[in-house]
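**Q** Protein chains in written order, with our numbering: chain A, 638 to 821; chain B, 26 to 155. Just so you know, even glycine gets a beta-carbon here, dropped at the ideal spot from N, CA and C. One structure follows; several queries about it will come next.
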């Protein structure tokens, strides 16, 4: 079972679900008459998006984007690319970017610049996990689920090597899984 | 104009710095390599005896980055210099990336092979946990 690779449960499924419900209620209140479009970044955010929109009983639409990740690039000096673009225009719309986790902020920093060029009425950010320890790009998070310490987390959409996304909780990956040893 | 690897790579002091530059380039973040030197101590004659040159400056974000791959126990001197810099130049924003931060970054990007290569070249032991 994949649970065996989890060193510690950081946030239980119940904790996550309760906080997502709170975020959904807050967003629904703030965007009640605005017909927002929620833009989720594949793949990690889809589980969060799926639960979040079901906690928002207001008119809204969703869209999905995917951007290339640094490590996945086979080129030694490539540049980030849009692998899947928005399927509908966002000009004049109120956009809510849905992120699973914000770490360095580099991907989101790129994405925000890209979205700004599309002429939205507004762009705000909701993220489930905020990991500020290694933040490089200054990101203003409007709706935050949890602030977490500097741990490598998996589950609830978050992966390591495309695994563990289906865990219903947020866990810390056992270091032996990626070949690390304890510090001296 | 900010330096990027595509515009002619500077001579990096360490491979980890070159790797960080590639990451910044990948995400379109402008950077300059060691663009400024900050004096942090002077002798009685007023001559600079110690200074600090952070590895990177990100002009669009207005932050300096210092990357260290030293073991945690050997970082004390760098921490001291950083503390002085912050006291003398409170308007300057500097972020220190420790070895563990860099390792975590490589783990995030699935670049553990890079760490293994660097460790082998440096004659270091196995990868420590981030």
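1. Using a Cβ-Cβ cutoff of less than 7 Å, which residues in the same chain neighbour residue 155 of chain B once the five nearest sequence positions on both sides are dropped?
2. Mind listing the chain A neighbours of residue 103 of chain B? Cutoff is C-beta to C-beta under 7 Å, in chain order.
3. Using a Cβ-Cβ cut-off of 7 Å (strictly less than) and excluding sequence neighbours within five positions of residue 114 of chain B, which residues of its own chain qualify?
4. Using DSSP bridges, identify the partner residues of residue 887 of chain A.
5. Kindly indicate the opening and closing residues of the beta strand (DSSP E) around residue 63 of chain B.
6. What's the call for residue 80 of chain B, buried or exposed, on a 16-neighbour Cβ count within 10 Å?
7. Alpha carbon to alpha carbon, how far is residue 767 of chain A from residue 801 of chain A? Give it in angstroms, no decimals.
8. Classify residue 741 of chain A as buried or exposed, calling it buried when 16 or more other Cβ atoms lie within 10 Å of its own Cβ.
9. Alpha carbon to alpha carbon, what distance is there between residue 89 of chain B and residue 60 of chain B?
10. May I ask you to report which of helix, strand or coil DSSP gives residue 808 of chain A?
11. Could you pull out every residue in the same chain whose Cβ sits closer than 8 Å to the Cβ of residue 810 of chain A, ignoring the five residues on either side in sequence?
12. Grab the span of the alpha helix (DSSP H) containing residue 649 of chain A for me, first residue to last.
13. Tell me the DSSP secondary structure of residue 48 of chain B in three-state form.
14. What does residue 767 of chain A pair with, by DSSP beta-bridge criteria?
15. When you compare the CB of residue 726 of chain A with every CB in chain B, is at least one pair closer than 8 Å?
16. Are residue 823 of chain A and residue 686 of chain A close, meaning C-beta to C-beta below 8 Å?
17. Is there at least one Cβ from chain A nearer than 8 Å to residue 126 of chain B's Cβ?
18. Helix, strand or coil for residue 789 of chain A? Go by DSSP, reduced to three states.
19. Could you pull the start and end residues of the beta strand (DSSP E) that residue 73 of chain B belongs to?
20. Please confirm if residue 732 of chain A has its CB atom under 8 Å from at least one CB of chain B.
21. If distances are taken between C-alpha atoms only, which option among B/41, B/35, B/39 and B/46 comes closest to residue 715 of chain A?
22. Roughly how many angstroms separate the alpha carbons of residue 821 of chain A and residue 48 of chain B, rounded to a whole number?
23. Please go through the same chain and pick out, in chain order, the residues whose beta-carbon is closer than 7 Å to the beta-carbon of residue 646 of chain A, but skip the five residues on each side of it.
24. Just to confirm my understanding: we take residue 106 of chain B, look at its own chain, exclude 5 residues before and 5 after, and list those with CB closer than 8 Å. What are they?
25. Distance, Cα to Cα, residue 737 of chain A vs residue 72 of chain B?
26. Along chain A, in chain order, which residues have C-beta atoms closer than 8 Å to that of residue 129 of chain B?
**A** Reading it off the structure:
1. Bear in mind that the predicted position of residue 155 of chain B carries a pLDDT of just 39, short of 50, making it unreliable; the figure below should be weighed with that in mind. These residues qualify, in order along the chain: 125, 128, 129 and 132.
2. Here the premise fails: no neighbours, minimum Cβ distance about 17 Å.
3. A distance below 7 Å between beta-carbons, with the five flanking residues on each side excluded, links residue 114 of chain B to the following residues of its chain, in chain order: 63.
4. Any question about residue 887 of chain A goes unanswered here, given that chain A covers just 638 to 821.
5. Counting along the chain, the beta strand (DSSP E) containing residue 63 of chain B begins and ends at 63-67.
6. Counting the other CB atoms within 10 Å of its CB gives residue 80 of chain B a total of 16 or more, which places it among the buried residues.
7. So the alpha carbons of these two residues sit roughly 19 Å apart.
8. By the Cβ neighbour-count rule, residue 741 of chain A is buried, with 16 or more other Cβ atoms within 10 Å of its own.
9. In a straight line, the C-alpha of residue 60 of chain B is about 10 Å away from that of residue 89 of chain B.
10. It is a strand residue.
11. So the list reads 642, 643, 644, 789, 790, 791, 797 and 801, once near-sequence residues are dropped.
12. Note, residue 649 of chain A: premise wrong, no alpha helix (DSSP H); not H, not E.
13. Residue 48 of chain B carries a helical assignment under DSSP once its states are collapsed to helix, strand and coil.
14. Partner(s): A/739 and A/784.
15. Closer than 8 Å to the CB of residue 726 of chain A there is not a single CB belonging to chain B.
16. Since the first residue of chain A shown is 638 and the last is 821, residue 823 of chain A is not available in this structure.
17. Yes, residue 126 of chain B counts as interfacial toward chain A.
18. In the structure shown, residue 789 of chain A falls within a coil segment according to DSSP collapsed to helix, strand and coil.
19. Unbroken beta strand (DSSP E) run through residue 73 of chain B: 73-77.
20. It does not: the Cβ of residue 732 of chain A has no partner Cβ on chain B nearer than 8 Å.
21. The shortest Cα separation from residue 715 of chain A among B/41, B/35, B/39 and B/46 belongs to B/46.
22. Residue placement at residue 821 of chain A is flagged as unreliable, the pLDDT there being 35, under the threshold of 50; the coordinate-derived value follows with that caveat. So the two alpha carbons sit approximately 29 Å from each other.
23. Closer than 7 Å at the Cβ level, and outside the excluded window around residue 646 of chain A, lie 806 and 808.
24. So the list reads 65, 75 and 77, once near-sequence residues are dropped.
25. Approximately 51 Å between the Cα atoms of the pair.
26. Ordered by position in chain A, the residues that pass the 8 Å Cβ test against residue 129 of chain B are 771, 787 and 789.
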